[in-house]
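Undergrad: Numbering (this note's numbering), first residue to last: 1 to 502. Have a look at the structure that comes next, please.
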């Protein structure tokens, strides 16, 4: 017998209402409670576009009724004759509904399932649907809200959290006319260095500027070597080359942080510093080992502001630490950075390099300073950093719960503040393409590994190459809504079930 799926038309309603209604007395329900003749006739008109029935030898064995409004399709009922169960009829009806939804450009298919309808719940979970809370029907019974996502409004990969207190602080400085007295910069610097556990600091116009200044005050120059990881932002390499030092590239660990083992192999008498990034919100688990080497350590905390390792803030371990307050970082000043240290001589030298006016002699100096407008924003942002981190962890926990049964490899939660939420998959490029085509901004965490810029062989950087090939960074930021999380996961699961790309 061949199963036929056909559109449900007005003619079927008129001529085969009894055949359709027969299923109401003996059915597998996936949606609302049983109808009577009157409610059945009231429900169907106007829903022909997405309604289907299944037949075997001209006998109706199942049907699906759905409607469409705006960008949302709603499944009212999917019914299968109990005498014809386990023949794939529900799946065929479901797949046909999905096909129609795609054809009309629906963003999602939404419906409700009674909480005790365990077979239906399992069916829809297997179909990569997302259960999104509960609601009560007109009959007083609780139901799961279920959603299958095709595409969504644009969900940004990251975005700053700017609130009224931030805007007011900036406005007050602008209104005062004193936008670069450095008084607010000094206040922000003091608050921030106290927060991270350093004695002194210098606020800069970017994290890259802070890193370059760190190299300069360590007297690193031509002929010196600086060890950096391959899997990190290009600006780290740029800062080293600006100082005329030779960058020595080391591999990473599977957690994306610099490998201590590979670093040790590359240390020689020319090694004058190691730049140790704490990547994507996750502190290096080998921080203490690096410090014990006795080589100046520059902690790069650009993507981990506020993270802690062994109950100690990142940035408090190394000789010098640098931070970034770019627009999408944990806290933002629009553009901006910070250099922090416990060494008063380093502080004096940095401040001298930043002093570009009122000098009695011509000397090396850089216009890399932060202004009071940026600093005012930095102060209000810093006041909320614990809240921002808690929200990131909360979102990461939801991601983990929704994706725990998927084939994606999920990040380690230990000490992670989730500046990025990075999953690993064999189909990274396809997943990114699929998410972007459906309104989800996803990306590779690092654009190109640094060793490839320098034409070094992939074989020397196996963990970096693996991270580059398999990693996908999905949206996460404090103001991300639960619906945006569910939509992102829904499309990821749909991608997974289709080998990465529908």
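Think of the CB as a built atom: it goes at the ideal place given N, C-alpha and C, for glycine as much as any other residue.
According to DSSP, is residue 117 helix, strand or coil?
TA: To locate residue 117, count along the chain shown from 1; it is residue 117. Three-state DSSP puts residue 117 in coil, outside helix and strand.
Undergrad: Report the CB separation of residue 389 from residue 306 in whole angstroms; it is logged as a contact under 8 Å.
TA: The residue given as residue 389 occupies position 389 in the chain shown. The residue given as residue 306 occupies position 306 in the chain shown. At roughly 5 Å, the Cβ-Cβ gap stays under 8 Å, so residue 389 and residue 306 are in contact.
Undergrad: Contact between the segment 446–462 and the segment 221–237: three or more CB pairs below 8 Å?
TA: Segments in contact, yes.
Undergrad: Nearest-angstrom Cα distance between residue 27 and residue 82?
TA: In the chain shown, counting from the first residue as 1, residue 27 sits at position 27. In the chain shown, counting from the first residue as 1, residue 82 sits at position 82. Residue placement at residue 27 is poorly supported in this model, since its pLDDT is 43, which falls under 50; the coordinates still yield a value, given next. About 5 Å.
Undergrad: Which term fits residue 91, buried or exposed, when burial requires 16 or more other beta carbons within 10 angstroms of its beta carbon?
TA: Indexing the chain shown from 1 puts residue 91 at position 91. Counting Cβ neighbours within 10 Å, residue 91 comes out exposed, since fewer than 16 surround it.
Undergrad: If I follow the unbroken beta strand (DSSP E) through residue 149, where does it start and stop?
TA: Locating residue 149 in the chain shown gives position 149, where the first residue counts as 1. Where residue 149 is concerned, the enclosing beta strand (DSSP E) stretches over 142–149.
Undergrad: Do you know offhand how far residue 338's Cα is from residue 323's?
TA: Taking the first residue of the chain shown as 1, we reach residue 338 at position 338. Taking the first residue of the chain shown as 1, we reach residue 323 at position 323. For residue 338 and residue 323, the distance between alpha carbons rounds to 5 Å.
Undergrad: When the Cα of residue 429 is compared with those of 492, 482, 379, 402, which residue comes out closest?
TA: As a position in the chain shown, residue 429 is number 429, starting the count at 1. Taking only the C-alpha atoms, the option nearest residue 429 is 492.
Undergrad: By how many angstroms is the C-alpha of residue 356 removed from the C-alpha of residue 423?
TA: Mapped onto the chain shown, residue 423 falls at position 423. Mapped onto the chain shown, residue 356 falls at position 356. Rounded to whole angstroms, residue 423 to residue 356 spans 45 Å at the Cα level.
Undergrad: Which runs of the beta strand (DSSP E), 3 residues or longer, sit entirely within the segment 337–367?
TA: Complete beta strand (DSSP E) runs here, min 3: 337–341.
Undergrad: Is the beta carbon of residue 369 less than 7 Å from the beta carbon of residue 353?
TA: As a first step, residue 369 must be located in the chain shown, where it is residue number 369. As a first step, residue 353 must be located in the chain shown, where it is residue number 353. Cβ distance not < 7 Å, so residue 369 and residue 353 don't count as in contact.
Undergrad: Among the residues of its own chain, which have a CB less than 6 Å from the CB of residue 366, if the five just before and after it don't count?
TA: Counting from 1 along the chain shown, the entry for residue 366 is found at position 366. Closer than 6 Å at Cβ, skipping near neighbours: 353.
Undergrad: Taking the CB atoms as reference points, tell me whether residue 281 and residue 195 lie closer together than 7 Å.
TA: Here the question's residue 281 lines up with position 281 in the chain shown. Here the question's residue 195 lines up with position 195 in the chain shown. Not in contact: residue 281 and residue 195 (Cβ atoms no closer than 7 Å).
Undergrad: Where are the beta strand (DSSP E) runs, 3 residues long or more, that stay fully inside the segment 133–217, in chain order?
TA: DSSP runs (the beta strand (DSSP E)) wholly in the segment 133–217: 142–149, 200–204.
Undergrad: Classify residue 401 as buried or exposed, calling it buried when 16 or more other Cβ atoms lie within 10 Å of its own Cβ.
TA: As a working note, residue 401 is residue 401 in the chain shown. Exposed, by the Cβ-count rule.
Undergrad: Are residue 143 and residue 112 closer than 7 Å when you measure CB to CB?
TA: Here residue 143 refers to the residue found at position 143 when the chain shown is read from its first residue. Here residue 112 refers to the residue found at position 112 when the chain shown is read from its first residue. It is a contact, given that the beta carbons lie within the stated cut-off.
Undergrad: Judging by CA-CA distance, which residue of 214, 242, 250 is the nearest neighbour of residue 227?
TA: Taking the first residue of the chain shown as position 1, residue 227 is located at position 227. Checking every option, the nearest Cα to that of residue 227 belongs to 250.
Undergrad: For the pair the segment 145–154 and the segment 119–133, tell me if three or more CB-CB distances fall below 8 Å.
TA: Yes, since at least three Cβ pairs between the segment 145–154 and the segment 119–133 fall closer than 8 Å, the two stretches touch.
Undergrad: Taking the C-alpha atoms as reference points, what is the distance between residue 58 and residue 393?
TA: As a working note, residue 58 is residue 58 in the chain shown. As a working note, residue 393 is residue 393 in the chain shown. Each residue's alpha carbon lies about 55 Å from the other.
Undergrad: Is the beta carbon of residue 395 closer than 7 Å to that of residue 476?
TA: The sequence position of residue 476 within the chain shown is 476, counting from 1. The sequence position of residue 395 within the chain shown is 395, counting from 1. Going by C-beta atoms, residue 476 is nearer than 7 Å to residue 395.
Undergrad: Using the Cβ count rule (16 or more neighbours within 10 Å means buried), how would you classify residue 289?
TA: Locating residue 289 in the chain shown gives position 289, counting from the first residue. Under this definition residue 289 is an exposed residue.
Undergrad: Does the segment 173–190 come into contact with the segment 296–314, if we say contact requires no fewer than three beta-carbon pairs (one atom in each stretch) closer than 8 Å?
TA: Contact fails: fewer than three Cβ-Cβ distances are below 8 Å.
Undergrad: If you follow the alpha helix (DSSP H) that residue 241 is in, where does it begin and where does it stop?
TA: Position 241 of the chain shown, counted from the first residue, corresponds to residue 241. Its alpha helix (DSSP H) spans residues 234–242.
Undergrad: Among 254, 214, 267, which has the Cα closest to the Cα of residue 242?
TA: The sequence position of residue 242 within the chain shown is 242, counting from 1. Answer by Cα proximity: 214.
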